[in-house]
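J.: In UniProt numbering, the protein residues as written are 1 to 724.
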DNA sequence: CCAGGTCAGGTGTAT
DNA sequence: ACACCTGACCTGGGA
């Protein structure tokens, strides 16, 4: 019990004394108990205190984050929102809330119409947060986190005032939007290619085996390969007016701090940081003559990617080769003289007029889905320029750039981006206290490190279990019949499982399966399906894919990070434990590892989460079989207190990089859906993995009906300061 | 198997 | 009309 309560502490990111926390916890548990008693009496009518438990409220917070984002986007005046906070609190307590997805949802106009009456939480959060005193703390925590020991939070959000936070969030949202378009376009391409394949098969009628090898069919269809979904995604964003900063700017871009890492050139375009996905030099042409008095063109941003043979990079000082005369192929050769025009002229003008240029460095890196990372290294000034004969004997223009002073220090890490300090073997791991906490259950071992405690101790008091254990009084529904596909499912028009998902597979095959966007519910193929284990529609069933590590933090107890890059939409892990009845769980005081399966409530719009997909996505007959009582609150939950997997170590964060997704595969009972955690963003190695526990502020009441509060120390730049 | 080669791809800018 | 050079696939040489 003692060990367990120690474990508990980390889960809620608490910093104060343990005994205090423990007290708090028990009170909360009591509140839960009271609530449950009410429900147990014969629920349906939802009396007693409103639902304090974790999962039911989980995504509310995300919703708030998104709404805040929306708000910030539409209006700058957040301050006046404060007053409305009270109303929101009432709304929350009245338990009728809408949820926003784990971040995959776009911030589109129509969304606003739906949620606009409830845009207050943004301000609500601020007010409740009591910024002044706590902000300092969180900043400190934040920079601590940035020192990589705790896994860094987000390269771009180091310190900063209020306005800056929302800028960081804007950037984050824009990148998420980009990723969403990207995955949707990947899906389109995969579909198209699959169709082309099928047609070719049909054309060849009998000879199936021939079509299996790509070579045999290539000459016919050049469209066999996917076409730059990244470029398509930014085109789409331009059409939709979703580029964050569509007008070029001189100097820093709000929300992009020095050290910020882009994972592709297209991401820079999406943000408006660099408006070409191809050009090295982004400059303002004559069209900017009305706004600026400078001699145009002027350069605003350049990308150093080692493409030019004559480049020289000494970190603080760079010699950049102008554009032109390049043979445009992979061998990086100059084949012509460069001229003082376009980008070259723009850099010269910057030099003459003393204007700063944003510098981005491209690096080879395994920590990116493209194998490349682009780091913003700050503002530089062009101190000198000249023309000379380059290595290949042609005239090249050279620009000596010097980094402006007063900017964050360039670390070697940023200049020569490597995998951080990811250990290559067990012997390299510092503070190792357990080689594999899974005890061999998972395909990939999960080491545990502890550089905080003295002596270092591993986590105790639980048993690792990679899949759910079903409590005695819970009966899993019968296995449903599956699809008739053979081998792998690839035709969404015939695969029964795809049809349940709204006539599409929820996943793309790329990178071993990525969820295109957060959905109310994902139907995967199951044991009765005709397809094999390699089917993309079994993405969440394939076990761990990334090398995870449990590590001890100074303030938040245990935490989890990955040594590998995790692309957005990739499955990270399931949340497992004992699958039991919510009412039984509540009798276990102080158990803080309970995850309610609130999928049904979400879909019905009754719980804390907001709908993710459009109406009609979930087959109506699926919802019919549940009676009123099961709607009012989650009937089942997962208790990872004594038995669980890696997910039980993942901390809460108000600005998380994972989101929760319910998945059905063997049966179709929403109340017993599996709970999966997916990457909401592209996650670089060693960044702590977090998801939003989703308590709504002021939704937790103690036994006297008074609002309970618990501080949050996640350290995110827009932390709500309270877990509930 | 990996390194190097190949080529399509979309926008801004100048002609 | 064209420069811009990335990203992902393809190919061929080495292990």
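Where is the CB? At the ideal position from N, CA and C, for every residue including glycine. On a predicted model such as this, the values are computed, not experimentally measured, just so you know.
Keeping to the same chain, check which residues put their C-beta closer than 8 Å to that of residue 353; ignore five residues upstream and five downstream.
T.: Closer than 8 Å at Cβ, skipping near neighbours: 294, 295 and 298.
J.: Just the C-alpha distance for residue 437 and residue 464, rounded to the nearest angstrom, thanks.
T.: The alpha-carbon atoms of residue 437 and residue 464 are separated by roughly 7 Å.
J.: Measure the Cβ-Cβ separation of residue 381 and residue 356 and say whether it is below 8 Å.
T.: yes
J.: So which of 457, 364 and 693 has the shortest CA-CA distance to residue 594?
T.: Of 457, 364 and 693, the residue nearest in Cα terms is 693.
J.: With distance defined between alpha-carbon atoms, name the residue in 167, 598, 246 and 181 nearest to residue 228.
T.: Of the candidates 167, 598, 246 and 181, the one whose C-alpha sits nearest the C-alpha of residue 228 is 181.
J.: Hey, quick one: how far does the beta strand (DSSP E) through residue 402 stretch, first residue to last?
T.: 395–403
J.: Using only alpha-carbon positions, find the residue among 523, 439 and 275 that is nearest to residue 237.
T.: 275
J.: Between residue 569 and residue 662, what straight-line distance do the alpha-carbon atoms span, to the nearest angstrom?
T.: 14 Å
J.: Mapping the DSSP letters down to three states, classify residue 559 as helix, strand or coil.
T.: strand
J.: Is residue 386 buried or exposed, if buried means 16 or more other CB atoms sit within 10 Å of its CB?
T.: exposed
J.: For residue 289, which residues of its own chain have a beta-carbon under 8 Å away from its beta-carbon, when the five flanking residues on both sides are left out?
T.: 296
J.: In this structure, how does DSSP classify residue 173 when only helix, strand and coil are distinguished?
T.: helix
J.: Look up residue 339 in the DSSP assignment and say whether it is helix, strand or coil.
T.: coil
J.: Out of curiosity, what's the CA-to-CA distance linking residue 658 and residue 301?
T.: Answer to the nearest angstrom: the Cα atoms are 32 Å apart.
J.: So, is residue 478 buried or exposed, given that buried needs 16 or more other C-beta atoms within 10 angstroms?
T.: exposed
J.: Does DSSP classify residue 497 as helix, strand or coil?
T.: helix
J.: With DSSP collapsed to three states, give me the class of residue 180.
T.: helix
J.: What does residue 186 pair with, by DSSP beta-bridge criteria?
T.: Bridge partners of residue 186: none, in fact.
J.: Relative to the C-alpha of residue 266, which candidate in 372, 335, 316 and 259 has its C-alpha closest?
T.: 372
J.: Flag this pair as yes or no: are the beta carbons of residue 571 and residue 505 separated by less than 8 Å?
T.: no
J.: On the DSSP bridge list, what partners appear for residue 363?
T.: Beta-bridge pairing links residue 363 to 373.
J.: Give a yes or no on whether the C-beta atoms belonging to residue 318 and residue 304 are separated by under 8 Å.
T.: yes
J.: Can you tell me which of the three DSSP states residue 242 falls into?
T.: Reduced to three states, the DSSP call for residue 242 is coil.
J.: The beta strand (DSSP E) spanning residue 639 covers which residue range?
T.: Residues 636–639.
J.: Tell me which same chain residues have a C-beta within less than 6 Å of the C-beta of residue 83, skipping the five on either side of it?
T.: Interpretation of residue 83 is limited by its pLDDT of 36, a score under 50 that renders its predicted location unreliable; the figure taken from the coordinates is listed afterwards. So the list is empty, once near-sequence residues are dropped.
J.: Cutting at 6 Å between CB atoms, please list the residues of its own chain near residue 554, excluding the five before and the five after it.
T.: Excluding its 5 nearest sequence neighbours in each direction, residue 554 has C-beta neighbours in its own chain below 6 Å: 452, listed in chain order.
J.: Note the first and the last residue of the continuous beta strand (DSSP E) segment covering residue 269.
T.: Looking at the DSSP string, residue 269 is not in any beta strand (DSSP E); the run it does join, the alpha helix (DSSP H), is 265–271.
J.: Among the residues of its own chain, which have a CB less than 6 Å from the CB of residue 448, if the five just before and after it don't count?
T.: 433, 434, 437, 458 and 550
J.: Per the contact definition of three or more C-beta pairs closer than 8 Å, is the region 640–647 in contact with the region 573–580?
T.: yes
J.: Using the beta-carbon count (16 or more within 10 Å), is residue 363 buried or exposed?
T.: buried
J.: How should residue 425 be labelled, buried or exposed, when 16 other C-beta atoms within 10 angstroms of its C-beta is the threshold for buried?
T.: exposed
J.: In this structure, how does DSSP classify residue 211 when only helix, strand and coil are distinguished?
T.: For residue 211, the pLDDT reaches just 37, beneath the cut-off of 50, and the residue's location in the model is therefore unreliable, leaving the point undetermined.
J.: Return the bridge partner residues of residue 434 from the DSSP annotation.
T.: 448
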